[in-house]
Amino acid sequence: MLGPVETRSVSPVFVGRAEELNSLNETLARAEAGEPQALLLGGEAGVGKTRLVEEFATAACRQGAVVALGGCVEIGADGLPFAPFSTALRALRRALPDEVAAAAAGQEEELARLLPEVGEAIPARGTGRHDEESLARLFELTARLLERVAAEHTVVVVLEDLHWADASTRHLLAYLFRTLRTGRLVVLATYRADDIHRRHPLRPLLAELDRLRTVRRIELGRFNRDEVSRQIAGILATEPNPAQVDEIFERSDGNAFFVEELAVCATEGCGTGLTDSLRDLLLVRVEGLPESTQRVARVVAEGGSTVEYRLLAAVTRLAEDDLIEALRVAVNSNILIPAPDGDGYRFRHSLVREAVADDLLPGERSRLNRRYAEALEADPTLVPADERVMRLASYWYHAHDAAKALPAVLDASVTARRRHAYSEQLRLLERAMELWDTAPEDVRSALRPVDYTEVYPPCGCDPATTPLRYLDLMAEAAVAGRLGGERERALKITKRALHLLEDDGDPLRAAWFWVQRSHLVQGLTRGDGWAELATAEDLVRGQPPSEVHAEVLSTVAHWSMVHIPGPEALSAAERAVEYARMVGAREIEMNARLTHAGLLVESGGVETGLSEMFEILRQTLQDGISAVASRVYVNLPSALEAIGRSREAVPVLEEGIGYARKFGLSDKEAWIWGNLAESLYALGRWDRAAEAATKAELVGQSAKPRGFHAANRSQLALARGELPEAARQLAAARAYFGTHDKAPQHEIPLSDLAIGIAAGEGRLLDARAELERVLDAGFPPGTQRYAWPLLLTAATMEADNLGLPVAEQGRTKVLDRIREAARPLATNAPVWLAHERWLRAELLRAESADTPDQWCEALIAFEPLERPYALARVRHRLAEALLSAPGGAEQPERDRATELLRLAHAAADHLGARPLADAVTLLAQRARLALTAAPAPDRADPVRSLGLTGRERDVLRLVALGRTNRQIAEELFISPKTASVHVSNILGKLGVSGRGEAAAVAHRLGLFPAAALHAPITE
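Going by the numbering used here, the first residue of the sequence shown is number 47, and it counts up by one from there.
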């Protein structure tokens, strides 16, 4: 439209910033090596952030990088949802169309929310229910798109003016900075540091990103005098007068943009009489322009960051020649510049636009917004299609015309919802609620729920003919706040809605809001949400079937399955399925069926429940109900694991990981990785289990999947004897799960770990206190998968501490309570029956009453279960029982014990289970059983020089410790008579007459250093 224009006020010389530019170039080099980089570039307005970014981008392009630039767009005071990402992705698609298409393959419809060009238009009403993972799914798919494109090309994504960013853009940026792990990618975001006041919405994000070690923050300072002098010389194309430099440096204080303005003003003679006000400085050159140009500048200032030429022509109502002439003057004066896409105009610097906009009179501002809105209504093609609805809503709102603004704002809220920009949807709905009372009645009565809402079910009314209600807006706003992370605002909305409903006589709508409050209370960690659900259940009781009724029952059933599984939960799930089928609520039905199937497995109907789960998976995959299908991929393998079928669970989990990745379900993927870690641990693939647990940590962003990961790591560390690490991970798990919403599936395993760690650290009383707390609470029906291991840990602790004085007091009571707690637990799955037999043997060991027969039963139960760690532990105990039993010194029993110990030791060594390996080794040494080939004797050993055999050496060490013959026999698994013979032989070889003299000789000759006296016996 316009040819090349003069840019005299922009210095052609890039001044200073060598250190910052070097940092950016180093960042690019690291990205090219495959390490993604995240940077924040801050500085006050006008300090030169954009110029630095341009210089860096130019250098990056010379090195073959693809630079995609996106800026946060301001329309009045409103930011467009995801605007910088949409612009940057559009630029990336123009540069690499094939690569972007390949990276987006299969997810075009979802990614079209950010980049409409990659797929079909998003339907006006969603094809599926919005859920907690909708936003995370979009974020994950965006991150994967960037990683895939950056796998083959170095990509630099620049997001400018983050201080104007909408909440959804801020959330997406934070997600990228936290999760990007691979690719030759640089993400650089700029913001005005001086705009970030205490309540600015960007401030919490900056604080959060500062805590990430992967994010680097660069603060751009002002120029010094020498740099100002060089900048002026570049602008004026001549060496400036030192006095002039001093004056400009003093007045600009080194701000690059103000240096330019002052230099041009001084040259053009417009500086005389200027005040020190920066606003005056910015306006002085605008006010020197012809009136028509000033008028155009005022129109552009109110239109947003960029105003399209045709829209500008419609709003100014100038003849085309007059408009072009006015624009030419503004461009030549460096007030306006053509937009990068060549289709519109923008201010050269936002500071000038803000100054011009601030100078508008209130009536003038609303009049301009009305003209923009009227022009856009008359010709919707004046602006890009993906911006049209949001801009029209903003223009009408700032025009203060409620009759026009209300439907426009509601249309914009629907667009925001379709893009998963829930924070912007909430803001727009709050505007609609603000406009509701001032809008004319005929406007309100013409609005229909079918056009603007979708979260509250119709429940018998026709949404196409029933007028839209204020409560409909509140329902949409409550869900938008919950899904967008604005839970406090959403909670206030539900409170107001329930207050309005007190006298409304609409129990279904009240029940629906109580369900929302339950979700919000749990999300805000202020409770478990049951009180709210119970209220909702009371409200729908006796009501005819409806979608709300079905949703209440389904939510109650799911809550009960997690917190208090049992017959009541099973009944609630059955009724939820029945009601959902009656009203045709397919997704609610699938969710309720899955809950019902899981409860069936826990209550003993194992095969029926599993068969139903597989069928639900098939149907939800076929129908594309990803929210339920992904939940099946979590719950089905968990059910298989619960009954000991770990090998069957693994392929389902691996398939589920691929499914969750495909749909960007990061939290579901984290749960699946956690379940995989659990199954791999059971199967004895501990290294892979550790990798899976790490994956869960990297993928999951929510607290509970992270807690599950930490619990898995704690269990692995405990089995490997890494007690400090086990304790650290347990503390992390408890912090993630919190204390507000205690579920048995989390609480019982954490208590199991706490007991095991306390026992390993010798804190018997602490372990007993934890056990007592759990037993006092009891085990809800269906929690046997967690109860059996905990009771076993406690029984093993008691058996291991048998004989210690601190353990004697209260032992009988503890053992009785363990037996009592185990009595009602289910044993109808082989793994549960095996645990029951193992527990029975451990309890007898804790009373010195176990025999090889009990351990044989446990061994037989575990051998077919593919539980190598559990099997090794049982083999160790059976070997111990064989050696301790009457006849344990006989060769057949010793041979059998040797084989058991060798198998147990091999398993422990393979797994890295150091405590078990040490225990097996110690038992073999005490029984003088060879696990491996014996080393050659040490010729310099003083004990051997006295003519003592290896066994006599062991006996002498115990004599030196003051042991009686009976104690020596028990420790060495020999008879007292044999011990007496060894003592007699030792006395003869040492030439002494009694045990005391033998001990004195051992001490005098230093045969057994203090440490060795208490060390395990070696061969």
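We treat Cβ as the ideally placed atom computed from N, Cα and C, and that holds for glycine.
Let me check one thing: in DSSP terms, what residues is residue i bridge-paired to?
{"i": "Gln83", "result": "Val232"}
{"i": "Gly89", "result": "Arg238"}
{"i": "Tyr391", "result": "Val353 and Pro384"}
{"i": "Ile264", "result": "Leu87"}
{"i": "Val204", "result": "Leu115 and Leu234"}
Thinking C-beta only, is residue j closer than 8 Å to residue i?
{"i": "Ala543", "j": "Val561", "result": "no"}
{"i": "Gln830", "j": "Trp878", "result": "yes"}
{"i": "Gly117", "j": "Pro127", "result": "no"}
{"i": "Leu335", "j": "Ile381", "result": "yes"}
{"i": "Leu192", "j": "Leu231", "result": "yes"}
{"i": "Leu810", "j": "Trp834", "result": "no"}
{"i": "Glu532", "j": "Ser469", "result": "yes"}
{"i": "Glu939", "j": "Leu928", "result": "yes"}
{"i": "Gly655", "j": "Ala638", "result": "no"}
{"i": "Glu186", "j": "Ser712", "result": "yes"}
{"i": "Ala239", "j": "Leu219", "result": "no"}
{"i": "Arg919", "j": "Gln900", "result": "no"}
{"i": "Arg216", "j": "Pro247", "result": "yes"}
{"i": "Asn721", "j": "Val680", "result": "yes"}
{"i": "Tyr213", "j": "Gly530", "result": "Looking at the sequence shown, residue 213 is not Tyr but Ala. Yes."}
{"i": "Gly753", "j": "His792", "result": "yes"}
{"i": "Leu422", "j": "Tyr441", "result": "yes"}
Excluding the 5 residues flanking residue i on each side, which residues of the same chain have their C-beta closer than 6 Å to its C-beta?
{"i": "Leu481", "result": "Ala448, Ala451 and Leu452"}
{"i": "Arg63", "result": "Leu98"}
{"i": "Gly767", "result": "Arg960 and Pro961"}
{"i": "Glu154", "result": "Val164 and Gly165"}
{"i": "Glu22", "result": "In this structure the chain extends from 47 to 1065, so residue 22 is not present and cannot be described."}
{"i": "Ala1057", "result": "Its pLDDT being 42, under 50, Ala1057 is placed unreliably by the model, and nothing is read from it."}
{"i": "Asp389", "result": "Glu354"}
{"i": "Ala739", "result": "Ala723, His755, Asn758 and Arg759"}
{"i": "Arg1071", "result": "Lying outside 47 to 1065, the shown extent of the chain, residue 1071 is not represented and no answer is given."}
Leaving out five residues on either side along the sequence, give the residues of the same chain with a beta carbon under 7 Å from the beta carbon of residue i.
{"i": "Glu635", "result": "Val623, Ala626 and Arg627"}
{"i": "Phe303", "result": "Gly92, His395 and Leu397"}
{"i": "Pro795", "result": "Ala757 and Tyr832"}
{"i": "Ala385", "result": "Thr352, Tyr391 and Arg392"}
{"i": "Arg985", "result": "Confidence at Arg985 is low in this model, with a pLDDT of 48, below 50, so its placement is unreliable and no value can be given for it."}
{"i": "Val966", "result": "His922, Leu947, Ala950, His951 and Ala954"}
{"i": "Thr540", "result": "Ala524, Phe559, Gln562, Arg563 and Leu566"}
{"i": "Arg276", "result": "Val59 and Val61"}
{"i": "Thr225", "result": "Ala189"}
Residue i and residue j look like a contact to me (Cβ under 8 Å); what is the Cβ gap, rounded to whole Å?
{"i": "Ala454", "j": "Ala439", "result": "4 Å"}
{"i": "Met659", "j": "Leu645", "result": "The Cβ separation is near 11 Å, so there is no contact."}
{"i": "Ala716", "j": "Val674", "result": "Not confirmed; about 18 Å, so no contact."}
{"i": "Thr200", "j": "Ala103", "result": "At roughly 12 Å, the Cβ-Cβ gap does not stay under 8 Å, so Thr200 and Ala103 are not in contact."}
{"i": "Glu844", "j": "Val820", "result": "That pair is no contact at about 15 Å."}
{"i": "Gln471", "j": "Ala521", "result": "Contact flag wrong, Cβ pair sits at about 12 Å."}
{"i": "Met607", "j": "Ala615", "result": "5 Å"}
{"i": "Ala706", "j": "Ile718", "result": "6 Å"}
Who are the Cβ neighbours of residue i in its own chain at under 8 Å, not counting the five residues just before and after it?
{"i": "Pro827", "result": "Pro611, Gly612, Pro613, Glu648 and Ser649"}
{"i": "Ala478", "result": "Leu452, Val455, Leu456, Ser459 and Leu519"}
{"i": "Glu816", "result": "Ser797, Ala800, Ile801 and Ala804"}
{"i": "Leu85", "result": "Leu70, Thr73, Val232, Val233, Leu234, Ala235, Val261, Arg262, Arg263 and Ile264"}
{"i": "Leu579", "result": "Trp560, Val561, Ser564, Val598, Thr601, Val602 and Trp605"}
{"i": "Ile662", "result": "Met636, Arg639, Leu640, Ala643, Val674 and Val678"}
{"i": "Leu160", "result": "Phe128, Phe131, Ser132, Leu135, Leu184, Thr188 and Arg465"}
{"i": "Val852", "result": "Leu810 and Leu811"}
Any contact between the region 795–814 and the region 606–620? By contact I mean 3 or more CB pairs, one from each, below 8 Å. Contact fails: fewer than three Cβ-Cβ distances are below 8 Å.
Three Cβ pairs or more, each shorter than 8 Å: is that satisfied between the region 862–881 and the region 685–693? Touching, per the Cβ criterion.
May I ask you to verify whether the region 991–1001 touches the region 959–967, counting CB pairs closer than 8 Å and requiring at least 3? They do not touch, by the three-pair rule.
Between the region 61–78 and the region 93–112, do three or more beta carbon pairs fall short of 8 Å? They touch, by the three-pair rule.
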